[in-house]
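With UniProt numbering applied, the sequence shown has no gaps in its numbers, which climb one by one up to 147 at the end. By construction, the Cβ of each residue, glycine as well, lies at the ideal position given by its N, Cα and C atoms.
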Amino acid sequence: MKVKEIATAAGVNPDTVRFYTREGLLQPTRNPDNNYQQYDAEDLRRLRFARKARQLGFSLPEIRQILARADDRHSPCPMVRDVFQQRLVVVEREIAELQQLRKRMISALAAWQEMPDGTPDGHTICRLIEHWDDPSAESCCEEPKHE
């Protein structure tokens, strides 16, 4: 198979095939007649595997390690489980941090609805940000009233 053919078979674009080839995950042969790279069924299997692994969050070095273990006839599955378990802990922490950020954003937006716009005066830059979590924000951020 040529680059375009393997790309189509794997559901990726040709640049992805070229990238994985440069990274050493695919090992095409050269056609002696035209010097084109020729991919086989094993390359297609590895390309599909790499794509799935990337969708699960594995890094390129990790995919390279998994493939190397498999090439050496050693099961990469224990390593895959360990890496995945560690990665899940990180992802869950990031999700919790994002949920906290979301709460702060909702809170700030609600507070900002009631706060007046302010002009930078040498003491403030943007009162919305500077006073969003300040319970006395309304009194400090009100524009002076002229009677």
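According to DSSP, is Q86 part of a helix, a strand, or is it coil?
helix
Would you please state the rounded distance, in angstroms, between the beta carbons of I63 and L98? I believe it to be under 8 Å.
With a Cβ gap of about 26 Å, I63 and L98 do not count as contacting.
Note down the Cα distance separating S75 from R87, rounded to an integer number of angstroms.
20 Å
When G57, R102 and R104 are compared against R81, the one with the closest alpha-carbon
Minimum Cα distance to R81 is reached at G57.
Would you kindly check if the distance between the Cβ of L101 and the Cβ of W112 is under 8 Å?
Not closer than 8 Å, so no.
For H123, is the classification buried or exposed, using 16 other Cβ atoms within 10 angstroms of its Cβ as the cut-off for buried?
exposed
Three-state secondary structure (DSSP) at T29?
Residue state, collapsed to three classes: strand.
Please tell me whether L26 has its Cβ less than 8 Å away from any Cβ of chain C.
Within the model displayed, chain C is absent; a lone protein chain is all it includes.
What's the gap between the Cα of G11 and the Cα of P32?
27 Å
Beta-carbon proximity list for L60, same chain, < 7 Å, skipping 5 on both sides
E23
Which listed residue (V90, W132, V91 and L67) has its alpha carbon closest to that of S107
W132
Going by DSSP, which residues form a beta bridge with residue 149?
Within the shown structure, residues of the chain are numbered from 1 to 147, placing residue 149 beyond reach of any answer.
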